[in-house]
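Reviewing the structure listed below.
Take a look at the structure:
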């Protein structure tokens, strides 16, 4: 069993059950929610690693229903939880709104999956969402933290900044990422650094 | 409005009416460099830009690959992909590669200017000044 938790949000009970079974078979712990209120509560209270959210959560026949997208947008600035938006209805506008960075550079979701692409596509998207791109993380830290803030970050994460090799910021950042990678905890570094820069683009 | 922008326009169709129109419109914002898709990497190494536009018409290359190449070359470069026939699949590809926006081609001067200006403003808002020990 994986130690990763997925929040699955959809108002279609059959899809919810089938997707839950499929993801659990692939080792994930899955929590289900049938509406945005419940999902919001779970996102606030539990350590969710990825959220999969259907765009239409109120009425599947109503093309103006974007409750799921609103949920993704409302919960962008708290604890970092990558979101995958799900839909049955093909729409360029939905894909763009889901993945386009907002005014502060952050997009509501990290991926957009059509239900007809099947569960394997969803599983791949979950894998990508959980994967930490260390090059990206190194750039993120270099761009959005100054030397002193990096020192603070290390202090809070119980890493001795002075023992990290190098004497300039670029070296320190690289060594910090490598330190967490060696310990299999690079995701922990990602979550903590993004929590400190919720409005910085990823 | 910023009039000193460096704009990179990637196109394999420089003679098209749209490219001519957009060049004229955006010339008011600053300097425009027109490059063929195959020369994107070279253009990126030779200069720093405030915004890049990719015109997907007549493009033999995959737009997402070009986006990735540009994003890789310059951090936080706003990249707008312009297309005549948008699809959700392409939208997903280019955004996952690092695009800032994916829009249908327009000749609307105001829309174009606003699109570029807001992308540049967004970039300025999110880039923090680095400290002296940048390395």
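Protein chains in written order, with my numbering: chain V, 1 to 202; chain B, 203 to 337.
Glycine residues also receive a C-beta, built at the ideal position from the N, C-alpha and C atoms.
Only a predicted model underlies this, so the values are computations on that prediction, with no experimental measurement involved.
message: Any beta carbon of chain V sitting closer than 7 Å to that of residue 297 of chain B?
response: Chain V, which has a Cβ nearer than 7 Å to the Cβ of residue 297 of chain B, makes this yes.
Proximity test, Cβ basis, 7 Å: residue 120 of chain V and chain B: Contact of residue 120 of chain V with chain B is not assigned, every C-beta pair being separated by 7 Å or more.
- request: Please check if any C-beta of chain B sits within less than 7 Å of the C-beta of residue 116 of chain V.
  value: At a cut-off of 7 Å between beta-carbon atoms, residue 116 of chain V makes no contact with chain B.
- request: Mind listing the chain V neighbours of residue 277 of chain B? Cutoff is C-beta to C-beta under 8 Å, in chain order.
  value: The answer, in chain order, is 139, 143.
- request: Would you kindly work out how many angstroms separate the C-alpha atoms of residue 277 of chain B and residue 14 of chain V, rounded to a whole number?
  value: Approximately 43 Å between the Cα atoms of the pair.
message: Tell me which residues share the same chain as residue 34 of chain V and place their Cβ nearer than 6 Å to its Cβ, disregarding the 5 neighbours each side in the sequence.
response: Only 11 meet the Cβ criterion.
query: At a Cβ threshold of 7 Å, is residue 95 of chain V touching chain B?
result: Interface residue (Cβ-Cβ distance to chain B less than 7 Å): residue 95 of chain V is classified as such.
- prompt: Distance, Cα to Cα, residue 98 of chain V vs residue 302 of chain B?
  reply: Approximately 12 Å, taken between the alpha carbons.
task: Could you spell out the range, first to last residue, of the alpha helix (DSSP H) harbouring residue 98 of chain V?
output: Per DSSP, the unbroken alpha helix (DSSP H) holding residue 98 of chain V starts and ends at 92 to 99.
- prompt: Would you say residue 84 of chain V touches the ligand FAD, meaning its beta carbon is less than 6 Å from a heavy atom?
  reply: Because no ligand of any kind appears in the structure shown, any question about the ligand FAD cannot be addressed here.
message: To be precise: take each residue of the region 252 to 285 of chain B, compare its Cβ to all Cβ atoms of chain V, and keep it if any distance is under 8 Å. Which residues remain?
response: If the cut-off is 8 Å between Cβ atoms, the region 252 to 285 of chain B has 277, 278 near chain V.
field: Presumed contact (8 Å Cβ cut-off) between residue 256 of chain B and residue 209 of chain B, rounded CB distance
entry: Actually they do not touch by this definition, with Cβ atoms about 12 Å apart.
task: Output the boundary residues of the beta strand (DSSP E) element that contains residue 146 of chain V.
output: Where residue 146 of chain V is concerned, there is no enclosing beta strand (DSSP E), given that its DSSP letter is neither H nor E.
field: Under 9 Å by beta carbon: chain B residues contacting residue 30 of chain V
entry: Around residue 30 of chain V, no beta-carbon contact reaches into chain B at under 9 Å, the shortest distance being about 24 Å.
- prompt: To the nearest angstrom, how far is it from the Cα of residue 314 of chain B to the Cα of residue 265 of chain B?
  reply: If I take the Cα positions, the gap works out to 20 Å.
query: Among V/21, V/80, V/18, V/70, which one has its Cα closest to the Cα of residue 47 of chain V?
result: Of the listed residues, the one whose Cα sits closest to residue 47 of chain V is V/80.
task: Can you pull the chain V residues whose beta carbon is under 7 Å from the beta carbon of residue 289 of chain B, in chain order?
output: Simply 92.
query: Quick one: Cα of residue 193 of chain V to Cα of residue 222 of chain B, how far?
result: Near 44 Å, if we compare the C-alpha coordinates of residue 222 of chain B and residue 193 of chain V.
field: Beta-bridge partners of residue 305 of chain B, as assigned by DSSP
entry: Partner(s): B/284.
message: Which of the three DSSP states is assigned to residue 217 of chain B in this structure?
response: DSSP places residue 217 of chain B in coil when its eight states are reduced to three.
- request: Quick one: list the residues of chain V neighbouring residue 294 of chain B, beta-carbon separation under 8 Å, in chain order.
  value: When 8 Å is used as the limit between beta carbons, residue 294 of chain B is near these residues of chain V: 95, 99, 111, 112, in chain order.
message: Suppose the cutoff is 6 Å on Cβ atoms and the five residues either side in sequence are ignored; what does the same chain contact list for residue 260 of chain B look like?
response: The answer, listed in chain order, is 214, 215.
message: Taking the straight line between their C-alpha atoms, what separation do you get for residue 243 of chain B and residue 92 of chain V?
response: Spanning the alpha carbons of residue 243 of chain B and residue 92 of chain V requires a straight line of approximately 29 Å.
- request: Note down the Cα distance separating residue 207 of chain B from residue 139 of chain V, rounded to an integer number of angstroms.
  value: Rounded to the nearest angstrom, the two C-alpha atoms are 24 Å apart.
- prompt: The alpha helix (DSSP H) with residue 159 of chain V in it runs from where to where?
  reply: Careful: residue 159 of chain V lies outside any alpha helix (DSSP H) and carries neither H nor E.
Spatial neighbours of residue 293 of chain B in its chain, beta-carbon cut-off 7 Å, leaving aside the 5 residues before and after: For residue 293 of chain B, where only same-chain residues beyond five positions count, the Cβ hits under 7 Å are 304.
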